[in-house]
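Chemist: If you're matching them up, the sequences are chains G and F in order. Heads up: the first sequence is residues 2 to 207, going by my numbering. Heads up: the second sequence is residues 2 to 207, going by my numbering. All C-beta atoms, glycine included, are put in the ideal place defined by N, C-alpha and C. Take this structure first; my questions come after.
There are 2 protein chains.
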Amino acid sequence: MNFSSKLIEEAVNEFSKLPGVGKRTALRFVLHLMKQNTADVNQFGNAFIKLRNDLRYCEKCHNVSDKPLCDVCANPHRDQSTVCIVEDIRDVMAIENTQQYRGIYHVLGGIISPMDGIGPSDLTIESLVTKAATGEIKEVIMALSTTMEGDTTNFYIYKRLKDYGISMSTIARGIAIGDELEYADEITLGRSIINRTPYENTLQMK
Amino acid sequence: MNFSSKLIEEAVNEFSKLPGVGKRTALRFVLHLMKQNTADVNQFGNAFIKLRNDLRYCEKCHNVSDKPLCDVCANPHRDQSTVCIVEDIRDVMAIENTQQYRGIYHVLGGIISPMDGIGPSDLTIESLVTKAATGEIKEVIMALSTTMEGDTTNFYIYKRLKDYGISMSTIARGIAIGDELEYADEITLGRSIINRTPYENTLQMK
């Protein structure tokens with residue numbers, strides 16, 4: 002594409018580095034910015050620079066936090082011995098929205114993915130093992146994606162933690178609430194039969 | 002959404018001001034930026050600030066240009082008496098890609114849209130009328146969107162220019178090349194019959 006301006010070309014190139022953004026969408030974003038006033042565009046650009054330079058992580062769970070301890074880890078009403086392992090802040094937000102979980106989190110910062118060059122040492126697994134070694138963790142719930150990478154990461158964490166006498170589980174996989182059986186894929190349906198839940202348990206849930 | 006960090010919240014808010022970007026996509030962009038190194042994110046943010054502060058427009062056609070005259074207007078091989086009226090730089094790029102047009106452009110910077118509060122005075126129509134008054138324009142081709150706003154703008158420009166003895170046309174509307182008749186909408190098909198082209202003319206095209 003010939004943008005007739007180096008400045009536009011640079012801005013389009015920067016936008017198209019974002020996931021899922023091609024040159025066409027990037028140009029649409031750039032044209033939008035060109036119509037905004039200078040102060041707004043300065044604020045736009047500086048928000049990301051400030052984010053990258055000033056962002057801090059919780060010392061305990063590695064979630065994003067402006068304070069040394071995040072709100073969840075600092076909350077005395079949360080069960081500090083139950084740890085839910087998640088990939089990133091989006092999963093923390095999703096689980097917090099359910100209002101069903103009263104433990105704390107451990108944010109890995111990604112999942113093991115050899116295709117993307119991400120190995121165990123790129124994640125916060127060592128810090129999890131250190132915490133486990135002190136005996137402060139009683140239960141671990143693994144809430145990673147149901148992909149091959151997620152399963153690999155689950156298995157790696159299981160191997161690293163299995164000698165510390167911690168109760169380990171993964172979140173339940175099965176038919177989503179409101180879904181029709183006939184549209185479920187075979188693997189999910191098969192697993193949901195193998196991992197069937199005693200009916201009395203479902204009665205206790207609201 | 003509770004982002005557990007003011008910095009993330011601000012960055013998400015800035016991204017979600019872009020057209021077609023919601024909070025969820027904005028968070029995805031922010032998580033991507035958080036994983037980049039500081040220099041890259043600085044370059045990202047500064048590209049837009051620089052764009053907004055340093056961007057210049059061609060004095061003649063109002064297209065984006067780093068020089069006082071854009072490449073098209075400065076080209077002596079282009080017919081300076083034929084002017085194609087377009088909405089923004091995207092349309093210039095699209096028409097240039099066809100390699101079928103040898104005249105110059107006039108970039109309006111938008112179209113008349115009372116719903117969005119855009120009137121004729123927000124566009125570069127006065128400058129077009131001034132150019133027409135000097136007699137340097139012989140032909141005007143209106144290449145705006147086939148929407149109500151585009152038609153309104155076409156009609157407004159027609160009224161402003163009709164006394165200067167300029168040959169005025171709009172780009173042809175009809176069935177797109179490669180399209181099947183049965184899937185064409187009625188209005189397009191109807192117009193393509195009214196504006197039928199002598200068969201000899203199509204033979205001359207390659």
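(1) Is the Cβ of V20 of chain F closer than 7 Å to any Cβ of chain G?
(2) Rounded to whole angstroms, what's the CA-CA distance from D92 of chain F to L28 of chain G? Just pull it up for me.
(3) Put D80 of chain F into one of helix, strand or coil per three-state DSSP.
(4) Under 7 Å between beta-carbons, which chain G residues line up against G46 of chain F? List them in chain order, please.
(5) Using beta-carbon positions only, say whether G104 of chain F and L124 of chain F come within less than 7 Å of one another.
(6) In angstroms, rounded to a whole number, what distance separates the CA positions of R25 of chain F and P69 of chain G?
(7) Taking the straight line between their C-alpha atoms, what separation do you get for S5 of chain G and Y165 of chain F?
(8) If distances are taken between C-alpha atoms only, which option among G:T83, G:V108, G:E88, G:D89 comes closest to Y102 of chain G?
(9) Please work out which residues of its chain come closer than 8 Å, Cβ to Cβ, to I113 of chain G, disregarding the five sequence neighbours upstream and downstream, and give them in chain order.
(10) CA-CA distance, D186 of chain G and I172 of chain G?
(11) For Q100 of chain G, which residues from the same chain have a beta carbon less than 7 Å from its beta carbon, with the 5 sequence-adjacent residues on both sides left out?
(12) To the nearest angstrom, how far is it from the Cα of T39 of chain G to the Cα of I194 of chain F?
(13) At what residues does the alpha helix (DSSP H) containing T26 of chain F begin and finish?
(14) I need the straight-line Cα distance from S128 of chain G to Q44 of chain G, nearest angstrom please.
(15) Considering just the uninterrupted stretch of the beta strand (DSSP E) at T171 of chain F, what are its terminal residues?
(16) Taking only the alpha-carbon atoms, compute the straight-line gap between G23 of chain F and S17 of chain F and give it to the nearest angstrom.
(17) Is there at least one Cβ from chain F nearer than 7 Å to C71 of chain G's Cβ?
(18) Counting only runs that start and end within the segment 126 to 201 of chain F, where is the alpha helix (DSSP H) found for 4 or more residues in a row?
(19) Label G46 of chain G either buried or exposed according to how many other C-beta atoms from any shown protein chain fall within 10 Å of its C-beta, with 16 as the threshold for buried.
(20) Taking the alpha helix (DSSP H) that I105 of chain G belongs to, which residues open and close that run?
Modeler: Considering the structure as presented:
(1) Position 19 of the second sequence holds residue 20 of chain F. The sequence shown places Pro at residue 20 of chain F, not Val. So yes, P20 of chain F belongs to the interface.
(2) Counted from its first residue, the second sequence places residue 92 of chain F at position 91. Counted from its first residue, the first sequence places residue 28 of chain G at position 27. Using only the alpha carbons, I get a separation of about 12 Å.
(3) As a first step, residue 80 of chain F is located in the second sequence; it is residue number 79 there, counting from the start. Note: D80 of chain F maps to strand in three-state DSSP.
(4) Taking the first residue of the second sequence as position 1, residue 46 of chain F is located at position 45. By Cβ distance, chain G contributes G46, N47, F49, I50.
(5) The residue labelled residue 104 of chain F in the question sits at position 103 within the second sequence. The residue labelled residue 124 of chain F in the question sits at position 123 within the second sequence. In this structure, L124 of chain F does not lie closer than 7 Å to G104 of chain F by Cβ.
(6) As a first step, residue 25 of chain F must be located in the second sequence, where it is residue number 24. As a first step, residue 69 of chain G must be located in the first sequence, where it is residue number 68. Answer to the nearest angstrom: the Cα atoms are 26 Å apart.
(7) For the purposes of this step, residue 5 of chain G is taken as residue 4 along the first sequence, with counting starting at 1. For the purposes of this step, residue 165 of chain F is taken as residue 164 along the second sequence, with counting starting at 1. Cα to Cα, S5 of chain G sits roughly 31 Å from Y165 of chain F.
(8) By one-based count along the first sequence, residue 102 of chain G stands at place 101. Residue G:T83 is the option with its Cα nearest to Y102 of chain G.
(9) The residue given as residue 113 of chain G occupies position 112 in the first sequence. For I113 of chain G, where only same-chain residues beyond five positions count, the Cβ hits under 8 Å are I119, G120, P121, L124, E150, T153, T154, Y157.
(10) As a first step, residue 186 of chain G must be located in the first sequence, where it is residue number 185. As a first step, residue 172 of chain G must be located in the first sequence, where it is residue number 171. Their Cα atoms are separated by approximately 18 Å.
(11) Locating residue 100 of chain G in the first sequence gives position 99, where the first residue counts as 1. The answer is none, since no qualifying residue turns up.
(12) Counted from its first residue, the first sequence places residue 39 of chain G at position 38. Counted from its first residue, the second sequence places residue 194 of chain F at position 193. Approximately 48 Å between the Cα atoms of the pair.
(13) The count along the second sequence starts at 1 and reaches residue 26 of chain F at position 25. Per DSSP, T26 of chain F belongs to the alpha helix (DSSP H) from 24 to 36.
(14) Indexing the first sequence from 1 puts residue 128 of chain G at position 127. Indexing the first sequence from 1 puts residue 44 of chain G at position 43. Roughly 36 Å separates the two Cα atoms.
(15) Counting from one through the second sequence, the residue named residue 171 of chain F turns up at place 170. T171 of chain F -> beta strand (DSSP E) spans 168 to 171.
(16) Your numbering for residue 23 of chain F matches position 22 in the second sequence. Your numbering for residue 17 of chain F matches position 16 in the second sequence. Each residue's alpha carbon lies about 5 Å from the other.
(17) Within the first sequence, numbered from 1, the residue matching residue 71 of chain G stands at position 70. Chain F, which has a Cβ nearer than 7 Å to the Cβ of C71 of chain G, makes this yes.
(18) 126 to 134, 149 to 162, 187 to 195
(19) Along the first sequence, read from residue 1 onward, the residue named residue 46 of chain G stands at position 45. Buried.
(20) Within the first sequence, the letter at position 104 stands for residue 105 of chain G. Segment 104 to 108 is the beta strand (DSSP E) holding I105 of chain G; no alpha helix (DSSP H) there.
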